[in-house]
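Report on the following structure.
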Amino acid sequence: MSAFAAMLRRELRLSLRGGGDVLTLVLFFIIVGAIVPFAVGPDRTLLAAIAPGIVWIAAFLAMLLGLERLFRPDHEDGALVLLRQAELPLSAIVAAKLIVHWLVSAVPLLLATPVLAVLLAMDLDSFGRTMISLALGTPALAAFGAIGAAVTVSIRRGGLIAPILIAPLSIPVLIFGVGSITSPQSSAATLFLAALSLMALALAPFAAALAISSAED
Amino acid sequence: MTADTEPKLNWWNRLANPGQFVAWTTPLLWPLTILTAVLFVLGLWFAFFNSPADYQMGDTVRIMYVHVPNAWLSQFVYATMSVSALGTLVWRHPMADVSMKAAAPLGALFTALALFTGALWGRPTWGTFWEWDGRMTSTLVLLLIYLGLVALWRAFDDQLRAARIIAVFTLVGAINIPIIKFSVDWWSTLHQPASVFRPDGPRMPGSILVPLFVMFFAFTFLFLTLHLKAMHTEVKRRRVMTLKRRLAQGGSA
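In the order they appear, the protein sequences are chains V and Z.
Just so we're aligned: 240 in my numbering is position 153 of the first sequence, and the numbers increase by one with no gaps anywhere.
Just so we're aligned: 203 in my numbering is position 145 of the second sequence, and the numbers increase by one with no gaps anywhere.
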């Protein structure tokens, strides 16, 4: 088994067996989406109009919530220092962590989106586009999140500052994500969203690895 | 032959010593301050007394002489920070850290001023303080990134270790800023496109262009002066921190 595959297996096991983290994230995602109708009123046409934005905000917040467990546990128990000594480059290790992070924090959100679609009175067409745009856009959110988590890993209360750093970077993802659901030129926005995700995924492992190796010096 | 074994100290390496840096650049401070003051006096005189009011906007056009230089600096300061970040990551130049740290609050200030003067100018001419337009939104995001960087610097205890980490984030931001700008231009509506630096020449009469350029240089030199002084302050702050730490450890300072 290659080192990369071993890393993937380790991360996947740790996050699936580490208590109800996945379930908590999904619950948070649904609760954020379900709170909005209480704040803006249960008008079905209004809800249907703003539903894509609500789903994206809920996904963005839920992905922020899951960032803490990306590097911090490994930093605290010293595993990150050992992983730096591995033959596998640190950027590949970060890439493995990023893939698993997406699998355990974005895919459950995708599976839970139908619930929000019903609650927010989405029609079938925009529900389909929401699924596609979430699937294409969440990798970029995860990648920017990984950079933010790596930069703040050695700060004791980094969980507070990471969202402040990540939010401005994530604005294009939200613009193109919601644009690919609602805007008239939605196919262009969808392509931009996919391009953004590819670029962020290509960049993030190296940037995050650089930040981690500077922090562990 | 002894000369070969000695470390070669060119001016670049000498500048890496914070004490030498302060000693070398202190004589620059007063001339820079005086130059800035003269440019401001000249520019403000031009702006208030020796430039015409716009035939549509009236006297509010004079806000431009403050707004445009601040908007230019909001981007120039980020470029300064990015170059310093490269200096930190590639050459590990100690003064690059200090330059990066000193520039962040200044950048936030100039960006906030650009937004503030823009809002003051937008109210009489566009009828609104704020609009979610491409230019304004991307400037707001830039302000948030500056403030995030300031918060990040404050969160680290060890400033020397912080520098490399923050340099990584500064460069990630530098790659992202064009994307943000480009994405928010998608909803572009209100703000005019570039009208000074255009391939077919500026689209303004000279009577407005001259005070604009004077103010442009005045603000740029203001940044250079403040940046240099902030770097000196940061060097001294680190010196004080080191002395305090030594004192706390019981050694002689």
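Beta carbons: idealized from backbone N, C-alpha and C, even for Gly.
Any chain V beta carbon closer than 8 Å to Phe134(Z): Within the second sequence, residue 134(Z) is the residue found at index 76, counting from 1. Closer than 8 Å: no.
Top-ranked residue by Cα proximity to Glu292(Z), from Val226(Z), Val272(Z), Trp211(Z): Position 234 of the second sequence, counting from 1, holds the residue named residue 292(Z). Out of Val226(Z), Val272(Z), Trp211(Z), Trp211(Z) has the C-alpha closest to the C-alpha of Glu292(Z).
Endpoints, the alpha helix (DSSP H) within which Val113(V) is located: Within the first sequence, numbered from 1, the residue matching residue 113(V) stands at position 26. Taken as a continuous stretch (DSSP letters only), the alpha helix (DSSP H) holding Val113(V) covers 108-127.
At least three beta-carbon pairs within less than 8 Å, the region 211-223 of chain V to the region 167-174 of chain V: no
Residues bridged to Gly116(Z) [DSSP beta-bridge criterion]: To locate residue 116(Z), count along the second sequence from 1; it is residue 58. Paired residue(s): Asp112(Z).
Same chain, Cβ closer than 7 Å to Leu248(Z), five either side skipped, listed in chain order: Here residue 248(Z) refers to the residue found at position 190 of the second sequence. Any reading at Leu248(Z) must be qualified, since the residue scores a pLDDT of 45, below 50, and its modelled position is unreliable; the value itself is stated next. Closer than 7 Å at Cβ, skipping near neighbours: Trp184, Glu189, Asp191.
Element boundaries [alpha helix (DSSP H), containing Ile174(Z)]: Walking along the second sequence from the start, residue 174(Z) turns up at place 116. In the sequence as presented, Ile is not what sits at residue 174(Z); that position holds Phe. Element bounds for Phe174(Z): 152-184.
Leu278(V), buried or exposed, once every other Cβ within 10 Å from all chains shown has been counted against 16: On the first sequence, position 191 is the one that residue 278(V) refers to. So Leu278(V) ends up on the exposed side.
Proximity test, Cβ basis, 8 Å: Val238(V) and chain Z: As a position in the first sequence, residue 238(V) is number 151, starting the count at 1. Chain Z contact via Cβ: present.
Between the CA atoms of Leu101(V) and Ala135(V) - distance to the nearest angstrom: As a working note, residue 135(V) is residue 48 in the first sequence. As a working note, residue 101(V) is residue 14 in the first sequence. Rounded to the nearest angstrom, the two C-alpha atoms are 38 Å apart.
Check whether Glu303(V) and Val181(V) have beta carbons under 8 Å apart: If you number the first sequence from 1, residue 303(V) lands on position 216. If you number the first sequence from 1, residue 181(V) lands on position 94. Result no, Cβ atoms of Glu303(V) and Val181(V) do not sit closer than 8 Å.
C-alpha distance - Phe41(Z) paired with Ser270(V), whole-angstrom precision: Since the first and last residues shown for chain Z are 59 and 311, residue 41(Z) lies out of range.
Three-way DSSP call (helix, strand, coil) for Trp190(Z) in this model: Translated into the one-based positions of the second sequence, residue 190(Z) becomes position 132. Here Trp190(Z) sits in coil by DSSP.
Outcome for Lys294(Z) when other beta-carbon atoms lying within 10 angstroms are tallied against a minimum of 16: The count along the second sequence starts at 1 and reaches residue 294(Z) at position 236. Counting Cβ neighbours within 10 Å, Lys294(Z) comes out exposed, since fewer than 16 surround it.
Buried versus exposed, by CB contacts within 10 Å (16 or more), Thr197(Z): The residue you call residue 197(Z) lines up with position 139 of the second sequence. Buried, since its Cβ has 16 or more Cβ neighbours within 10 Å.
Whole-Å CB distance - Leu171(Z) paired with Asn128(Z), under 8 Å assumed: In the second sequence, the residue the question calls residue 171(Z) occupies position 113. In the second sequence, the residue the question calls residue 128(Z) occupies position 70. Contact holds; Cβ gap of about 4 Å.
Backbone CA spacing between Ala230(V) and Val187(V) [nearest angstrom]: The residue you call residue 230(V) lines up with position 143 of the first sequence. The residue you call residue 187(V) lines up with position 100 of the first sequence. Cα to Cα, the separation comes out at about 12 Å.
DSSP state of Arg304(Z) mapped onto helix, strand, coil: The residue you call residue 304(Z) lines up with position 246 of the second sequence. Of the three classes helix, strand and coil, the one that applies to Arg304(Z) here is helix, per DSSP.
Residues within the region 222-237 of chain Z neighbouring chain V, beta-carbon criterion of under 9 Å: Arg222, Ile223, Ile224, Ala225, Val226, Phe227, Leu229, Val230, Gly231, Ile233, Asn234, Ile237
Short Cβ contact (8 Å threshold) for Met209(V) with Ala138(V): Walking along the first sequence from the start, residue 209(V) turns up at place 122. Walking along the first sequence from the start, residue 138(V) turns up at place 51. Cβ distance < 8 Å, so Met209(V) and Ala138(V) count as in contact.
Cα-Cα separation, His149(Z) to Thr228(Z): In the second sequence, counting from the first residue as 1, residue 149(Z) sits at position 91. In the second sequence, counting from the first residue as 1, residue 228(Z) sits at position 170. The sequence given here has Trp at residue 149(Z), not His. Straight-line Cα distance between these residues: approximately 16 Å.
Test item: CB-CB of Tyr204(Z) and Ala166(Z) under 8 Å: In the second sequence, counting from the first residue as 1, residue 204(Z) sits at position 146. In the second sequence, counting from the first residue as 1, residue 166(Z) sits at position 108. Yes, the Cβ-Cβ distance between Tyr204(Z) and Ala166(Z) is below 8 Å.
Meets three-Cβ-pair contact criterion under 8 Å: the region 159-168 of chain V and the region 189-206 of chain V: no
Chain Z contact residues for Leu221(V), given Cβ-Cβ distances below 7 Å: In the first sequence, the residue the question calls residue 221(V) occupies position 134. The premise fails here: Leu221(V) is roughly 18 Å from chain Z at the closest Cβ pair, so nothing lies under 7 Å.
Test: Ala302(V) CB closer than 8 Å to a CB of chain Z: The residue labelled residue 302(V) in the question sits at position 215 within the first sequence. Answer yes: the Cβ-Cβ gap between Ala302(V) and chain Z drops below 8 Å somewhere.
Where the alpha helix (DSSP H) containing Thr239(V) begins and where it ends: The residue you call residue 239(V) lines up with position 152 of the first sequence. Thr239(V) -> no alpha helix (DSSP H), and no H or E assigned at all.
Collapsed DSSP secondary structure at Asn75(Z) in the structure displayed: Position 17 of the second sequence holds residue 75(Z). It is coil, neither helix nor strand.
Where Ala208(V) falls: helix, strand or coil (DSSP): Taking the first sequence and counting its residues from 1, the one referred to as residue 208(V) is at position 121. Looking at Ala208(V) - three-state DSSP - the assignment turns out to be coil, as it is neither helix nor strand.
CB contact below 8 Å: Ile186(V) versus chain Z: Residue mapping note: residue 186(V) aligns to position 99 of the first sequence, counting from 1. For Ile186(V), the answer is no, since every Cβ of chain Z falls outside 8 Å of its Cβ.
Thr236(V) to Leu102(Z) span [Cα, whole Å]: One-based indexing of the first sequence puts residue 236(V) at position 149. One-based indexing of the second sequence puts residue 102(Z) at position 44. Looking at the sequence shown, residue 236(V) is not Thr but Ala. If you take the alpha carbons of Ala236(V) and Leu102(Z), they lie about 46 Å apart.
Leu288(V) beta carbon less than 8 Å from that of Pro226(V): On the first sequence, position 139 is the one that residue 226(V) refers to. On the first sequence, position 201 is the one that residue 288(V) refers to. Yes, these two residues count as a Cβ contact at 8 Å.
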